[in-house]
Amino acid sequence: MTAAVQHLQGAALARQTRTVQRRRRLLRIFVIYIPVVLVLLIMLLPFYWMLVTSLKPYPEMFNLKISPFYPLNPTGEYYLELLNNTKFLLWFKNTLVVSAAATTISVVLSVLAGYSLSRLRFRGRTAISGIIFVSYLIPTTLLFIPMAEVAKQLQVINRLEALIIVYPTFLIPFCTWLLMGYFRTIPIDLEECALIDGANRVQALRFVTLPLAIPGVVTAIIFAFTLSWNEFIYGLVLVTGENQRTLPVGVLTRLVQGDLYFWGPLMAAALLGSLPVVLLFSFFVEQYVAGLTAGAMKG
Amino acid sequence: MQGQQTLSTLDPPARRFRAWMGRDALQGYLMLAPAVLWLVLLLGYPFVLAIWLSLTNKTVGNPGTFVGLNNFINQWNSEIFRRAFANTFILTGVTTVIKFVIGLALALLFNQQFIGRRFARAALLLPWIVPTVLSTMAFFWMFDSNLSAVNWVLRNLGLIQKNIPWLTDPTMAMVSIMIVNCWRGIPFFTITILAALQTVPKELYEAASIDGANPLHKLRRITLPMIFPILSVVIIVSVIGTFSDVQVVASLTGGGPQNSTHVLATLSYRVGLQSGQLGQGAAIAMYMFPFLFAMIAFELWNVRRSAR
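If you read the sequences in order, they're chains H and V.
Every letter in the first sequence is one number past the one before it in the numbering used here, and letter 196, counting from 1, is 196.
Count along the second sequence from 1, add 1000, and you get the number used in the numbering used here.
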């Protein structure tokens, strides 16, 4: 075989590879990019719809002749109405206070419990972690009626304190489970050094293990905060005064009255009310996904 | 080291007791105590109270007396209850299958290499993280009887002549609830399955390719068996969440039209707190328990098995 023939064959081969590559790229556009874009469009449509509605003057909203998908004369009046004429900011603050307090309590207790269950050796350890796992699966809707009774007995009914003490009941099991899994991934050697040097368990946790477990703790915080922010049934049942409402409950009970819907402010509220968790999420996506999968992966 | 020294100075029964308790018993229990006490007082006690309430005729303003299983029997004979009972199972069954199939398909799609993948995955998760009540309000508005944007699109595409009665027809109202539930739940399935896919060793796929397996074979023979333990947890968590969810129904239909879309959770709220029949309401909620118990028991067995 001469060099020239070899060269020709090489060129043909290269051309062939290029065609295959081009065809493959085209295929990828059809089987990957177009489906991905379509999926995202569908999944995110409700958010777009909130935004459009919150900016659209009522005459446009009720005009069936024009396309509903963009406002012709955008207006900010619903946002002003929401902030000035409803207690939105107060509900926002209430939810923030309750979520922050419940998250703090839950994460602190869960760090202690998770550490104890994952590191220390004592009788009943397996049984207790089993019970905590079971309580993670008990839904809030099973218990809201007796919980109202308990809140009355504790004399916290209709006060934000009721939510602050009740939310940890569904946060502690999840956070403990998550942190148990995280503590197990931290090498035990460092801690043993500290113990030999005369530290007690609390000191070992505080100065050695906890600093290494910060990513796990952050995940627990983000999850606990999001779950508290989104909580609905206890917020509906345990506090009934308009001044003690949490955000989801306030929006639903105040902006939907019988058959009367205040669409503009309602959509503005939906958007603003989602903002804190979306912001938190956008900064900590990785942690969020870790939390979401923690129950499944480490279970 | 220190622990052993103290042990040797103790007399035998005390030493044996400490050994039986485990070497970290005292510190272990102390660190656990706050969390466990919190759960016992505010989860265990309300649970016992829930059982007790469901066996009494307590109403708001009347302490009530023990009535045995009367509430349960009464409810079972009520048309509205039976509708809600069936709805709960139908809703859970149908949406779980849809969420699983679409969730798996999307996980396989989002597992491919493509530009903007990280962003796409993050965006996909949004429906799961925003408060359900608030996002359901957007659907509520999209399903409005006259001004529905969905109907507007379908009408202008010529697909429908008359408006679809999304929330005013009993069957369509259930379908609407399922749509919202799936919209919210699919990202959970997708992201968790996506994480599970990362645990499957690549070599298995390569070996299968050499043996001439097609993608469907690989999915059935490698992917699904490998991710099954995680899959089962995801499904159980989703089933329990859907079965007991109150938010979508409460904010989308409120149980209407004509009480046709109630689920156990919303009916329990309606009867127990809005009508003030606490005993009856607690009984309705208790009807959820046997199924939840079965799910939890299965899950516990599953966790134990895969831990071994």
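Even for Gly, the Cβ is constructed at its ideal location relative to N, Cα and C.
Treat the numbers as computed from the prediction; the structure is a model and nothing was measured.
**Item:** Closest Cα partner of V:G1044 within the set H:L83, H:S135, H:E242 and H:Q9
**Value:** Counting from 1 along the second sequence, the entry for residue 1044 of chain V is found at position 44. Closest by alpha carbon: H:S135.
- Closer than 6 Å by C-beta to H:V249: which residues in its own chain qualify, once you throw out the five before and the five after it? Chain order, please. The residue you call residue 249 of chain H lines up with position 249 of the first sequence. Excluding residues within five positions, the ones whose Cβ falls inside 6 Å are G235 and L236.
Please report the straight-line C-alpha distance between V:T1192 and V:L1224, rounded to a whole angstrom.
Residue mapping note: residue 1192 of chain V aligns to position 192 of the second sequence, counting from 1. Residue mapping note: residue 1224 of chain V aligns to position 224 of the second sequence, counting from 1. Answer to the nearest angstrom: the Cα atoms are 14 Å apart.
- Item | Contact check, H:A148 vs H:L238, beta carbons under 8 Å | Taking the first sequence and counting its residues from 1, the one referred to as residue 148 of chain H is at position 148. Taking the first sequence and counting its residues from 1, the one referred to as residue 238 of chain H is at position 238. Cβ distance < 8 Å, so H:A148 and H:L238 count as in contact.
Enclosing alpha helix (DSSP H) for V:A1086 [first to last residue]: Sequence index remark: in the second sequence, residue 1086 of chain V carries index 86 (1-based). First-last of the alpha helix (DSSP H) with V:A1086: E1079 to F1110.
**Simplified DSSP assignment, three categories, for V:Q1002** = The sequence position of residue 1002 of chain V within the second sequence is 2, counting from 1. Because V:Q1002 sits at a pLDDT of 45, beneath the cut-off of 50, its placement in the model cannot be relied upon, and the following sentence gives the value as read from the coordinates. Correct three-state label for V:Q1002: helix.
- Distance, Cα to Cα, V:L1124 vs V:P1187? Here residue 1124 of chain V refers to the residue found at position 124 when the second sequence is read from its first residue. Here residue 1187 of chain V refers to the residue found at position 187 when the second sequence is read from its first residue. Going by the C-alpha atoms only, they are around 6 Å apart.
Beta-carbon proximity of V:D1211 to H:R121, cut-off 8 Å
Indexing the second sequence from 1 puts residue 1211 of chain V at position 211. Indexing the first sequence from 1 puts residue 121 of chain H at position 121. Contact: no.
### Query
Which ranges does the alpha helix (DSSP H) cover as unbroken runs of at least 4 residues, wholly within the stretch 1108–1174 of chain V, from first to last along the chain?
1117–1129, 1132–1142 and 1149–1156
Problem - Residues near V:S1054 by beta carbon distance below 8 Å, same chain, minus five either side - result: On the second sequence, residue 1054 of chain V is found 54 positions in, with the first residue counted as 1. Cβ within range, chain order: N1071, F1072, G1279, A1282, A1283, A1285 and M1286.
Checklist entry - Beta-carbon of V:R1023 versus every beta-carbon of chain H: anything under 8 Å? => result Start at 1 with the first residue of the second sequence, and residue 1023 of chain V comes out as number 23. It does; some Cβ of chain H falls within 8 Å.
Exercise for the section: With distances taken Cα to Cα, identify the nearest neighbour of V:W1183 among V:T1199, V:F1100 and V:N1151. Expected result: What you label residue 1183 of chain V is simply residue 183 of the second sequence in a count that begins at 1. The option with the nearest alpha carbon to V:W1183 is V:F1100.
- Message: Within a Cβ cutoff of 8 Å, which residues of the same chain sit near V:F1110, ignoring the five residues on either side of it in sequence?
- Response: As a position in the second sequence, residue 1110 of chain V is number 110, starting the count at 1. R1117, A1120, R1121, L1124, T1190 and L1194, listed in sequence order.
| message | For a test of the three-state rule: what should DSSP assign to H:Q257, helix, strand or coil? | response | As a position in the first sequence, residue 257 of chain H is number 257, starting the count at 1. H:Q257 falls in the strand class under three-state DSSP.
Check your understanding: When the Cα atoms are used, what is the spatial distance from V:I1227 to V:T1199?
Key -> Translated into the one-based positions of the second sequence, residue 1227 of chain V becomes position 227. Translated into the one-based positions of the second sequence, residue 1199 of chain V becomes position 199. Computed Cα separation, rounded: 8 Å.
**Message:** Within a Cβ cutoff of 8 Å, which residues of the same chain sit near H:G168, ignoring the five residues on either side of it in sequence?
**Reply:** As a first step, residue 168 of chain H is located in the first sequence; it is residue number 168 there, counting from the start. Per the sequence shown, the amino acid found at residue 168 of chain H is Pro instead of Gly. So the list reads A102, I105, S106 and L109, once near-sequence residues are dropped.
Point to revise | CA nearest to the CA of H:L137, picked from V:R1304, V:N1302 and V:L1292 | key: Looking up residue 137 of chain H in the first sequence gives position 137. Among V:R1304, V:N1302 and V:L1292, the Cα nearest to that of H:L137 is on V:L1292.
Please determine, among V:I1051, V:G1061, V:V1060 and V:V1040, the residue with the shortest C-alpha to C-alpha distance to V:L1069.
-> As a working mapping, residue 1069 of chain V is identified with position 69 in the second sequence. It is V:I1051 whose Cα lies nearest to the Cα of V:L1069.
(Q) Can you confirm whether V:A1173, when its beta carbon is compared against all beta carbons of chain H, has any partner nearer than 8 Å? (A) As a first step, residue 1173 of chain V is located in the second sequence; it is residue number 173 there, counting from the start. Closer than 8 Å: no.
#### Entry: Inter-stretch contact (C-beta, 8 Å, three-pair minimum) for the stretch 208–225 of chain H and the stretch 65–77 of chain H
no
My output table needs one value for H:T140: the three-state DSSP class, helix, strand or coil. As a first step, residue 140 of chain H must be located in the first sequence, where it is residue number 140. In the structure shown, H:T140 sits in a helix (DSSP, three-state: H, G or I).
Inset, instruction - Output yes if chain V places a C-beta closer than 8 Å to the C-beta of H:L190; else output no. - result: Taking the first sequence and counting its residues from 1, the one referred to as residue 190 of chain H is at position 190. It does not; no Cβ of chain V falls within 8 Å.
*Three-way DSSP call (helix, strand, coil) for V:T1056 in this model*: Counted from its first residue, the second sequence places residue 1056 of chain V at position 56. Note: V:T1056 maps to strand in three-state DSSP.
Which of the three DSSP states, helix, strand or coil, is assigned to H:G299? On the first sequence, position 299 is the one that residue 299 of chain H refers to. A caution first: H:G299 carries a pLDDT of 38, below 50, which makes its placement in the model too unreliable to give a value.
key: Unbroken alpha helix (DSSP H) run spanning V:V1248, endpoints   = As a position in the second sequence, residue 1248 of chain V is number 248, starting the count at 1. Unbroken alpha helix (DSSP H) run through V:V1248: Q1247 to L1252.
query: With a cut-off of 8 Å, do at least 3 Cβ pairs link the stretch 207–220 of chain H to the stretch 77–87 of chain H?
result: no
Would you mind working out which of V:L1154, V:T1132, V:N1151 and V:M1172 sits nearest V:G1256, comparing C-alpha positions?
-> For the purposes of this step, residue 1256 of chain V is identified with residue 256 of the second sequence, where counting begins at 1. It is V:M1172 whose Cα lies nearest to the Cα of V:G1256.
Is there a Cβ from chain V that is less than 8 Å from the Cβ of H:W177?
Along the first sequence, one-based indexing puts residue 177 of chain H at 177. Judged by the 8 Å Cβ criterion, H:W177 is not in contact with chain V.
At the level of alpha carbons, what is the spacing between V:I1179 and H:L190?
For the purposes of this step, residue 1179 of chain V is taken as residue 179 along the second sequence, with counting starting at 1. For the purposes of this step, residue 190 of chain H is taken as residue 190 along the first sequence, with counting starting at 1. About 51 Å.
For this session: Return the residue from the list V:N1259, V:Q1247, V:V1233 and V:N1077 that minimises the CA-CA distance to V:R1305.
Result: For the purposes of this step, residue 1305 of chain V is taken as residue 305 along the second sequence, with counting starting at 1. Closest by alpha carbon: V:V1233.
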